[in-house]
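**Student:** What follows is a single structure, and I will ask about it in a moment.
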Amino acid sequence: DGGPNAKFFEAPETLALFDGIKNWLQKNCKKWIQTDPPTSKGLSALVIQLIQFQEDNFGKNVTKPPLTRLPMRCFMDFKPGGALCHIFATVYKYKSEQGWRRFDFQSPSRMDRNVEMFMAVERALIQAKCLTLPVVYVRPDVDKPTAAKVKDIIKRHQGTIVESEEQAT
37 DGGPNAKFFE
47 APETLALFDG
57 IKNWLQKNCK
67 KWIQTDPPTS
77 KGLSALVIQL
87 IQFQEDNFGK
97 NVTKPPLTRL
107 PMRCFMDFKP
117 GGALCHIFAT
127 VYKYKSEQGW
137 RRFDFQSPSR
147 MDRNVEMFMA
157 VERALIQAKC
167 LTLPVVYVRP
177 DVDKPTAAKV
187 KDIIKRHQGT
197 IVESEEQAT
């Protein structure tokens with residue numbers, strides 16, 4: 037359904053994977069996590085909230101979502117310096133810069149700031165080469181109305197349209 041699998045993220049084997057991420061954050065993001073040092077359980081809860089927020093606000097049941105959801109593979113990349121590390125680094129940095137005491141994904145007054153935070157996460161993932169935006173070639177044999185619709189979807193999701201198959205990803 038696009039929502040988080042809480043059982044997976046709260047399982048003991050998964051919590052153990054968060055230890056590596058916690059160590060990476062302590063090494064690389066000391067400045068942003070020192071006031072509220074993360075625990076494996078806390079990181080697990082935060083990832084569940086992040087996935088739920090993007091599903092509720094950018095998911096398939098949302099009309100006019102402000103952003104495209106981050107791929108689930110980013111939330112499953114537990115490698116030190118991997119996508120999940122960059123997601124956490126960005127949200128902790130954002131929390132620190134905003135002067136927030138805690139993350140709040142429920143409050144309507146925080147909605148715009150949370151969307152901005154997700155935009156920052158997307159930029160960080162692209163910069164760290166953990167996420168690439170699609171480069172799409174629409175074949176000439178696709179009928180005009182369908183091609184127009186597909187091109188509109190590609191643009192809305194920040195993809196690029198190219199003129200030859202070789203240029204496409």
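Each residue of the sequence shown is one higher than the one before, starting from 37 at the first, in my numbering.
Quick reminder that beta carbons are idealized off the backbone N, C-alpha and C, glycines included.
1) Do residue 61 and residue 125 have their CB atoms nearer than 8 Å?
2) What residues in its chain sit with their C-beta under 6 Å from that of residue 193, if we drop five residues either side in the sequence?
3) From which residue to which residue does the beta strand (DSSP E) around residue 182 run?
4) Apart from the five residues just before and just after residue 140, which ones in its own chain have a Cβ nearer than 6 Å to its Cβ?
5) Quick check: the Cα distance between residue 98 and residue 71, rounded to an integer number of angstroms?
6) Please give me, in chain order, every unbroken run of the alpha helix (DSSP H) with length at least 4 that falls completely inside the region 78 to 119.
7) Would you call the region 193 to 205 in contact with the region 152 to 171, where contact means no fewer than 3 C-beta pairs closer than 8 Å?
8) Going straight from the alpha carbon of residue 142 to that of residue 162, what length do you get?
9) For chain B, find out if any of its Cβ atoms is closer than 8 Å to the Cβ of residue 96; answer yes or no.
10) Tell me which residues share the same chain as residue 88 and place their Cβ nearer than 8 Å to its Cβ, disregarding the 5 neighbours each side in the sequence.
11) With distances taken Cα to Cα, identify the nearest neighbour of residue 44 among 83, 56, 67, 57.
12) Can you tell me whether residue 158 is buried or exposed? The criterion is at least 16 other CB atoms within 10 Å of its CB, across all chains shown.
13) Please give me, in chain order, every unbroken run of the alpha helix (DSSP H) with length at least 4 that falls completely inside the region 114 to 179.
14) Leaving out five residues before and five after residue 263 in sequence, what residues of the same chain have Cβ atoms less than 6 Å from its Cβ?
15) Enumerate in chain order the residues of its own chain whose CB-to-CB distance from residue 201 is below 8 Å, with the five nearest sequence positions on each side excluded.
16) Could you tell me which of 110, 154, 63, 51 sits nearest to residue 81, measuring between CA atoms?
17) DSSP three-state call for residue 196: helix, strand or coil?
**Tutor:** This is what the structure gives:
1) Yes, they are a contact pair.
2) 104
3) It is not in any beta strand (DSSP E) - residue 182 instead sits in the alpha helix (DSSP H) that spans 180 to 192.
4) 146
5) 35 Å
6) 108 to 111
7) yes
8) So the alpha carbons of these two residues sit roughly 27 Å apart.
9) In the structure shown, chain B cannot be found, because there is only a single protein chain.
10) 39, 40, 141
11) 83
12) Per the 10 Å Cβ criterion, buried.
13) 119 to 134, 147 to 163
14) The requested residue 263 is not part of the displayed model; the chain covers only 37 to 205.
15) Scanning its chain for C-beta atoms nearer than 8 Å, with the 5 sequence neighbours on each side dropped, one finds around residue 201 the residues 173, 175, in chain order.
16) 51
17) strand
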